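Single-structure report; data block below.
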Amino acid sequence: MSILKQISTISVLLFLSTSVFATDYYVNTKSGSDENNGISPQKPWKTLSKVSSFGFKPGDNILLASGQEFKGTIVWNNLKGKKLKPIIISSYLSDNKEKPTINAKGFLNGIKLTDCSHIKIEGITIMADGGKKPKKGMRCGILYTSIESGNYSNISIENCTIKNVFFENSGFQRGKDEVKSANGTQSYGWGIRFLIKNKSNLKDVFVQSNRIENVAHTGIKINGRINNLNILNNKVFKTGGPGMQFSGITNGLVKGNDINYSGSNDDTRKWGRGSGMWTWGLDTMIIEHNSFRNANGPADSAGCHIDFNCKNVIVQYNVSENNAGGFAEILGNNWNCAYRYNISINDGHRVKKKGIAFQEGKIFWLSGFVGKDRKRHGPYNSYFYNNTIYTKNDLVAKMAVAKVAEGVLVANNIFYIEGKSKAVLGDQYQPQEAGEATLRNVVFENNLFLKAENWPTGVLIKDESPILGNPQFVNAGGKHIKDYTPTNSKLIKNKGIEIPLIPGDKKGLFIGVKVKKDILGNEITGLPDMGAIEIK
C-alpha cells in the first residue's frame, strides 16, 4: 500500500473515531485537573470552565462527580447534538449518591444555553444564592435563550433540583410598591427560564421530574415561539412569584405537576405574589392532573389562571386549594378555553383592602382585561362544566363576570358553598363599571347548589334551571380528591346534561367537549354525573 493510501486510510479512521463514537467526559473537583484529557474517572477534568470552553460532539456525555460541589457556571453557545445523539450533562458515581451541585453564587446562571439544539440536562442540583452581581439582569438556575435567528430543537431538563436562586444577597429589602407592579420591575432569581427571541423558533422541549424551590420569582418561566412544550411531573414549592408561567407557546402539555406556596413572601428578596400557573398569549395547551395549592399575593395569585390573548387552553382534572386569588379566571380576548372536571377547595379567600390586598379573590371570574388602558373585550366561548367547588363556612365566595364577555357555558357543576356568596366587580387597575347588561350566547343551566343563595343575584348571568341539594361528600372540607366523592346518588348519578356547543360557536374545544373519564379516571357511562367525580 502506498504511503498516500496509508495516510488517507488513517485520516478516515480518525474522522470516524471522532464523528461517530461519542465520548464520556468526567469532571471531579477534588481529583481532577483541566490538563487531563477527561475521558476516564482516573483522568477527570476539574472545573466548569473547562466544560464551558470545550467543543463537544453529538452523543458526548459530560459527567459531574456525584456528591461534589462545583463552583461556577456552564455556558454553551451554538452547541448542537443530534436527535438520536444529544449532548448530555449528567453525573457519575463518586463520593456518594447525592446529585452533584453547581453552586453559581456570584454568576448569572448555573447553566446557560444559547442557540443550542439536542441538549439534555439530568440529575444535577443547581443553586445561586446571591453573590457578586452586575448592574442589572437576572439570575437563573438554568437559562435557555436565543440570539441568532434560526430553528432550534430538542431541549430536555430532567430530574434536576434547583433551589435558593436569588439575584440579591440576604437582607435585601424590596420597596412596598414592588409587589403592586404587574410582574416585578427589579432583578430576581428564577428557576428554569426559556427566553426565545429574535425571530427564533424552538420545538420539542421537555421539563420533567424536577424539583424547584425557594427562588425569588418564577419557578418555571417559558416565553417565546416554542412548539411542543411538555412540562411533566415537576414539584415547584415556595417561589416568590408564580410557580409556572408560559407565553408564546403552540401545543403544550402541563401534566402531573405539584405547585405549592407560589407568591411566597418568607424571604424579603422574593416578590411575594403569583398564581400557581398562568398562561398568556399562547395557542393550544392542556393543563391536567396538577395540584395548585396556597398561592399568595395581594392580586392575581389564583391556582391556575388564563391571562389574556390565549386560544384553546383546557384546564382539566386538577386540584386547586386555598389559593388567595381564586379558582377559575379567564381574562379578555381568550377564545374557546375551558375549566372542566376540576376540584376547588377554599379558593378565593383574599379580601380587598385587607392588609395589602388590592384585588378580591374569586372562585369564578370572566374578565375582559386585555392590558392597562386598552378597551376590554371577551373572553369568548368560555366553557365551565363538571367542576366541584367547595368553600367553608367562614369564607365569602365571590364571583365576577364582565359585561364584555361573550359566549359562556356553565353546567353540571357542584357549588358547595357553606357560607355567604357575593358578586364583585372585576378589578384589574380599575373596576369595571357597575350596572345591568345582557351577555350574548349564554348557556347556564343544570348546576347543583347547596343553597339557593350560593349564586349571587348581582352576577350578570344566572342558572336557568338550578338544582338544590346536598351531594353528601365523603369528607367535605378535606384536602384530597376522593373526599369530594358524592354519595347522594339520587341527586348526582346521570343528572348531568350532554354538553352542547355554545350558541354561535362552531368550533368548541380543540379536543372536543365530550369527556370519557372523570378526575379519578372512572369511565363516564350514560349521562355525566354532576361535578368532577362519577359515582361508581
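According to mature numbering (1 follows the signal peptide of the UniProt record, and there is no 0), the stretch in the sequence shown is residues -22 to -1, 1 to 514, in order.
We put the beta carbon where it would ideally sit given N, CA and C, even for glycine.
Small disclaimer: the values here were computed from a predicted structure and weren't measured.
Residue i burial status per 10 Å Cβ neighbour count (16 or more: buried)
i	result
R418	exposed
I17	exposed
D325	buried
P481	exposed
T51	buried
D73	exposed
E307	buried
S11	exposed
T163	exposed
T503	exposed
L477	With the sequence shown as reference, residue 477 is identified as Ile, and Leu is not the correct amino acid for it. That one is buried.
W431	Looking at the sequence shown, residue 431 is not Trp but Glu. With fewer than 16 Cβ atoms within 10 Å of its Cβ, E431 is classed as exposed.
S399	buried
P449	buried
K289	buried
S159	exposed
Close beta carbons around residue i, own chain, < 6 Å, minus the five adjacent residues each side
i	result
G219	H195, T196, W249 and G252
Y407	Only weak support is given to the placement of Y407: the predicted model assigns it a pLDDT of 49, under 50, and the value that follows is read from those uncertain coordinates. For Y407, where only same-chain residues beyond five positions count, the Cβ hits under 6 Å are K350.
N229	N205, N206 and T262
M508	N390, I392, L426, I470, K473 and G474
Y274	One detail in the question is off: residue 274 reads as Asn in this sequence, not Tyr. Excluding positions up to five away in sequence, the list reads G241 and A302.
D236	K213 and S269
L210	Q186, K233 and G234
F342	A306 and M377
S134	K98 and F184
V291	T257, M263, I284 and C315
I190	I140, G169, G197 and V214
Where residue i sits in the DSSP three-state scheme
i	result
K495	strand
Y407	Low per-residue confidence applies at Y407: pLDDT is 49, beneath 50, and the placement is therefore not dependable, though the value from the model is reported in the following sentence. Coil at Y407, not helix or strand.
N432	helix
E225	Checking the sequence, you will find Ser at residue 225 rather than Glu. In this structure, S225 counts as strand in the three-state DSSP scheme.
L26	helix
S322	strand
Y3	strand
L426	strand
S399	strand
E47	strand
Y70	strand
S95	strand
I104	strand
D38	coil
Y122	strand
Y462	helix
E156	helix
I174	coil
S31	helix
I200	strand
K468	helix
CB contact flag (residue i, residue j, <8 Å)
i	j	result
R203	G167	no
N287	W258	yes
L71	S44	yes
D155	Y319	no
A280	G310	no
I80	I104	yes
E338	R328	yes
N359	D483	yes
Nearest to residue i (by Cα), restricted to the options the options
i	options	result
P464	S11, A510, F451 and G149	F451
P276	N243, Q223 and V291	N243
F(-2)	D38, S30 and N15	D38
S178	T123, A389, G509 and G356	T123
N176	D93, L373, G486 and V5	D93
V293	R271, A306, I265 and I308	I265
G108	G149, N137, E126 and K77	G149
K75	I323, Q46 and G346	Q46
S95	E126, V374, P112 and N142	E126
A82	F336, G119 and T163	G119
G456	G490, I367, E512 and V386	I367
L173	Q151, I334, G221 and I198	I198
K181	K61, P112, N359 and K49	K61
Y295	N142, D278 and S322	S322
G84	N129, F144, P19 and G101	F144
Beta-carbon contacts of residue i that lie in its chain and below 8 Å, excluding the five residues immediately before and after
i	result
N371	E396 and G397
S443	E423 and N424
K514	N500
A401	K376, M377, A378, P434, T435, G436 and V437
S467	I513
L505	N472, K473, G474, I475 and E476
Spatial neighbours of residue i in its chain, beta-carbon cut-off 7 Å, leaving aside the 5 residues before and after
i	result
K21	N14 and N15
Cβ-heavy atom distance, residue i to the ligand NAD, below 7 Å
i	result
W313	In the structure shown, the ligand NAD is absent, as is every other ligand, since no ligand is present at all.
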